[in-house]
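Residue numbers (our numbering): 80 to 276.
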């Protein structure tokens with residue numbers, strides 16, 4: 080038969096062993112920190128996405144088809160002023176971006192400000208370089224017109240008509256995607272055209 084002292088000792092031992100499980104505060108410390116850690120990670124991911132400066136994060140470019148054709152035709156002029164029309168993508172970048180049309184006074188080969196990305200209009204047209212070389216010109220009008228020395232009105236009329244055909248061809252050959260090369264890497268980006276009403 081166990082003595083009173085042994086019984087007391089066993090009861091005390093059992094109580095000591097169960098104390099860590101009875102103290103709920105100690106068992107929930109880790110689980111209380113977990114949601115905060117997850118929230119901080121989500122916020123960090125959101126901030127990184129919102130502040131993305133790499134064009135490789137872009138999946139779709141949305142642009143007006145009329146703006147593309149207008150800029151494309153402008154850059155193909157014979158006596159174009161110094162500079163060219165371009166489409167600019169400005170960070171931060173999201174999955175879908177809308178470029179702004181700009182006119183650069185400097186040569187297009189000069190560096191772009193910050194992480195801004197410039198896209199030349201001919202990149203939106205299949206075989207854009209070749210098509211832009213086929214843009215109607217006064218010289219071509221003189222060659223095509225039967226008159227030996229056509230007047231300006233006849234030349235302008237021929238160019239206006241030929242330009243409509245040329246623009247229609249460019250519009251029918253807009254590309255579905257563009258490839259862009261930047262210091263951050265190469266990106267193949269889908270293009271979605273928004274037609275003007």
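Built from N, CA and C at the ideal position, the CB exists for glycine as well.
Review point. Whose CA, out of 156, 223, 177, lies closest to the CA of residue 198?
Key: 177
Check your understanding: Below 8 Å, can you find three or more Cβ-Cβ pairs linking the region 258-276 to the region 213-222?
Key -> no
Point to revise | Collapsed DSSP secondary structure at residue 167 in the structure displayed | key: strand
**Study point:** Extent of the continuous beta strand (DSSP E) to which residue 139 belongs
**Key:** 139-143
Review point. Within this structure, are the beta carbons of residue 204 and residue 154 separated by less than 7 Å?
Key: no
Exercise for review: Would you be able to state if there are at least three C-beta pairs under 8 Å between the region 241-252 and the region 131-149?
Suggested key: yes
Check your understanding: Just curious, the beta strand (DSSP E) that residue 181 is in, first and last residue?
Key -> 179-183
Check your understanding: In whole angstroms, what is the alpha-carbon distance linking residue 232 and residue 223?
Key -> 14 Å
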